Every structure is written in structure tokens, then in C-alpha cells.
Amino acid sequence: IEDDVLIGTRCIILKGVIIGARTVIGSGSVVTKSIPADCIAAGNPCKVIKYIER
1 IEDDVLIGTR
11 CIILKGVIIG
21 ARTVIGSGSV
31 VTKSIPADCI
41 AAGNPCKVIK
51 YIER
């Protein structure tokens with residue numbers, strides 16, 4: 001888990017997954033594969049919903 005990541009409540013993050021910097025993970029998500037930086041992701045399995053523009 002990189003810098004400035006927000007993880008919602010009751011998330012399950014599997015072993016070996018990398019969550020990129022400045023990413024938001026929605027509550028109740030099951031993160032089964034790596035999530036890139038600067039995005040919003042949620043769901044079961046967790047997938048990118050939107051990329052955050054800086």
C-alpha cells in the first residue's frame with residue numbers, strides 16, 4: 001500500500017496486491033488484483049471506477 005491511500009471500512013485486501021499512491025478504495029471492497037495510482041476503485045472484485053486527474 002503506497003502513500004496517501006484511503007481504504008474504506010470492511011475491505012478485504014488479498015496477499016501480494018499493490019495499491020498505488022493517492023487511490024481511494026470503497027468500503028466493503030474485495031481487492032483481488034493490483035490497483036493503479038490516482039484512481040477510485042470499489043466492488044467485489046474491486047475494479048477501477050474512475051481515474052483522478054491532478
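In this text, residue positions in the sequence shown follow my numbering: the first is 1, and each later residue adds one.
Glycine included, C-beta positions come from ideal geometry on N, C-alpha and C.
Computed from a prediction, not measured in an experiment: that's the story for all the values here.
Here S27 really is in contact with C11; their C-beta atoms are around 7 Å apart, less than 8 Å. Membership of A41 in the beta strand (DSSP E) is indicated by the continuous run 39-42.
With respect to V31, C46 sits close: the two C-beta atoms are nearer than 8 Å. Judged by DSSP secondary structure, I49 falls within the beta strand (DSSP E) whose first and last residues are 47-51. Using a Cβ distance threshold of 8 Å, R22 and A37 count as a contacting pair.
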